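Using my numbering, read the sequence shown as starting at 20 and increasing by one per residue.
We put the CB at the ideal spot given by N, CA and C, even for glycine.
Bear in mind that the values here come from a model prediction, so they are computed numbers and not experimental data.
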Amino acid sequence: MKLACLAALILVLPVGAQIPPGAFQPGKGSYTFEQPAINQGRPLRVFYSVPVNCKPDAPVLMVMHGVQRDADRYRDDWTTIAERHGAVLVCPEFSKTDFPSDSQYNFGNVYGDFHEETKLPAPLPEAQWTFTCLDPIFDAVAARLKLKTPGYLLYGHSAGSQFVHRMLFFKPNAKALRTVSANAGWYMFPDPAVAFPYGTGGTNCDDARLRRVLGLPITILLGDQDIDPNHKQLRRTPGAMAQGPFRFARGKAFFEAARKQAERLKVPFAWQLVTAPGVAHHDKGMSVHAEAVLFPKTAPPALGPLAATASLRVLFAGDLGWGESYQDAYEKAGKGHILKAKGYDYSLEKLEPLLKSAQVVVANLETPVAQTRTSPFTGQKDYIHYSDPVQTPAALLRHNINVVGLANNHTVDLGQEGLTQTLATLSAKGVATFGAGMNEEGARAPWHRTFQVGSQSFSLYVLTAFEYREAEYDTKYQFYAKPNRPGVASIDLTALKHQVETIRKADKKAFVVYFPHWGQNYKWRNAEQTATAHGAIDAGVDLVLGHGAHMMGEIEQYKDHWIAYSIGNFVFNSAGRFAKNGVDPFGLPAVLEVAASGALSLELHPIVSDNALTQYQPRPVNAEEFDQAKAALLKHSPEPETWGTKVQFENTPDHRCVRVTIR
């Protein structure tokens, strides 16, 4: 039976697609792919990297080289990224020896070797197109490794970018699941009035074909410093110069032309434009930004290895942001600019002992971290945040803030381009993210880490989500991630229950923290928050730590589990409205402490977070302020009389916190 199945498999593969014996073992290698119909039977060298213990659902990443035709270098540059995601990496090489012209590589050999000044010849048979190679290469790889994945991720840079974007016009049914076209020198515009290869004139790319292509998940990725009009490899023919003076301008013009075609045809436009801040014409620099698009699931934690410890402290910080958008506005009004006057470390200076007391800090980062500051919501959204893409991640890491949740009402303030830049920038700098992604699956993925505490292991999962606000944040702003749309995770108890069940099925020792962004600014909890918090615990969550109201919130025990409805601001450099709203000026960062014995406790540390009182330097409370915070918590929290010895208020010069026993 096995021999019969193998024979049947070989028969359905295209001629020449079989992989020679010995190829595609774990690690790096290459093999010869033979496709007799292409370029008089000249073979292709295919470079690859296969992960150790390759899984049946491993993704396949197809990377197309640039003008140097150096697939081995591209393979080497991309191996680390592929390994990070358990992906099989495949890099076909169209050598200068066998495929010397742009017609044969960049243009896919659709029309053979022709000169653009001459009349476009009749197309060659599709079997002879170099565009036709990719699917059979993938099929052979999938067959050899017994993969279940239905297609491949496709990336091309420079000349490879020309190859991939043209390929999708000619072969829209190719098995490319997601495509990134990065830093092409020039493009085939979707314009029948412009002759191929600069437009679709003379090709079979009619409106029906165009509707299909505009609905494909294509990302045009551009380095915003790829702006050299005299770059030695930049094409300067009249057709290319009509697209713009340099690559960055040409890519933006191409994307805009495609968007206008989608408007004309009244079809959904599935493409996205992503800018790589600070990157010129450099594949390795582009790769980290492409990674966020190609692998939308949250990357593994960016923390380095942690040694076994006698006790573990994980600090959960609330709303965090240096407030560049606010400070710029204050400066224009003549009120000064705290960041220009004091720098980025100033606001965290008095919280440094608390930050350094924890091995891990998880914060709600309430701002995009992107090069762009252009928002599609200007004039529509009251507060639009932005931050410095260099200073922000550097300040986070200097102060031990190594994990950030992004599910809140500001992460997508700069649109989907700003979100993609945020994910790529933080990942590149070594800050782990969760709560936002290139699709819903990625946005909902938890942050997870297993720690060795004494002789025991402690497996921590943190899930975050932003409360669902349909009219504004879904319909109007499109903040929430969907199966095929980037965004942030939305609060959904059904999805949460499924996530927790999945986690517990895989990890019996899991401790699950829910870290939602919810509520009204400067208000105590509402009925919806209460129902959601109770629902989260009913769904299997161990601890709920909310944020979003900018102030500390109630503490509640529900079914022997604890809820802190709002841990408030940590550092949030706006003027704030505590006094105006008549609320106490406190935040309530939380420390989850795990003892070697397995005992768990929660420390809630009141801090003064009203910038009108601290001059943008939040600090721990003094003895009098602690009593004020204690009184407010007892007044507003449900049933504090039932807490017993599980809640202790510790007010000493060395330690002011609310200590909650978890187990």
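Partner residues in the beta bridge of N588, as assigned by DSSP, are D338.
Among the bridge pairs identified by DSSP, S628 is matched with none. Distance from the CA atom of F150 to the CA atom of N192, rounded to whole angstroms, is 12 angstroms. It is roughly 7 angstroms from the alpha-carbon of H624 to the alpha-carbon of V677. DSSP places W581 in the strand class (E or B) of the three-state scheme. In the structure shown, Q346 adopts helical secondary structure according to DSSP, grouped into three states.
Under the three-state reduction of DSSP, P236 is assigned to coil, being neither helix nor strand. As summarised for the segment 122-181, the continuous beta strand (DSSP E) elements at least 3 residues long and confined to that stretch are 171-176, given in chain order.
Judged by DSSP in its simplified three-state form, Q440 adopts helix. Taking C-beta separations shorter than 6 angstroms and ignoring five residues to either side along the sequence, the partners of A146 in its chain run A56, following chain order. When DSSP reads this structure, K351 sits in no beta bridge, so it has no partner.
Contact annotation: W205 and R278 have beta-carbon atoms that are not nearer than 8 angstroms. Within a 10 Å sphere around the beta-carbon of T444 sit 16 or more other beta-carbons, which makes this residue buried.
Under DSSP, the beta-bridge partners assigned to M571 are I586. By a beta-carbon distance limit of 8 angstroms, K165 contacts P75. Their separation comes to about 6 angstroms.
Distance from the CA of G473 to the CA of R417, rounded to the nearest whole angstrom, comes to 27 angstroms. DSSP, reduced to helix, strand and coil, places E310 within a helical segment of the structure shown. The Cβ atoms of D603 and A568 do not sit closer than 8 angstroms to each other.
By the Cβ-count criterion, S476 is exposed, with fewer than 16 other Cβ atoms from all chains shown falling within 10 Å of its own Cβ. In the DSSP secondary-structure assignment, S200 is bridged to G175, I239. For G606 against G337, the beta-carbon gap comes to about 6 angstroms, under 8 angstroms, which counts as contact.
Rounded to the nearest whole angstrom, the CA to CA distance from N545 to T168 is 45 angstroms.
W466 is bridged by DSSP to V481. Under the three-state reduction of DSSP output, E612 falls in the strand class.
Between N427 and V507, the C-beta gap is smaller than 8 angstroms, which places the two residues in contact. In the DSSP assignment, G258 falls within the alpha helix (DSSP H) that extends over 257-260. Scanning its chain for C-beta atoms nearer than 8 angstroms, with the 5 sequence neighbours on each side dropped, one finds around F498 the residues N428, T430, V431, F485, Y492, G506, V507, in chain order.
Per DSSP, the continuous alpha helix (DSSP H) segment holding H655 begins and ends at 642-655. With a minimum length of 3 residues, the unbroken runs of beta strand (DSSP E) contained wholly in the segment 469-547 fall at 475-482, 529-533. Around N125, the same chain offers A178, Q181, F182, R185, P216 as residues with beta carbons nearer than 8 angstroms, after the five sequence neighbours per side are excluded.
Burial is judged here by how many other beta carbons sit within 10 angstroms of a residue's own beta carbon; V71 has fewer than 16 and is exposed.
Secondary structure of S330 (DSSP, three-state): strand.
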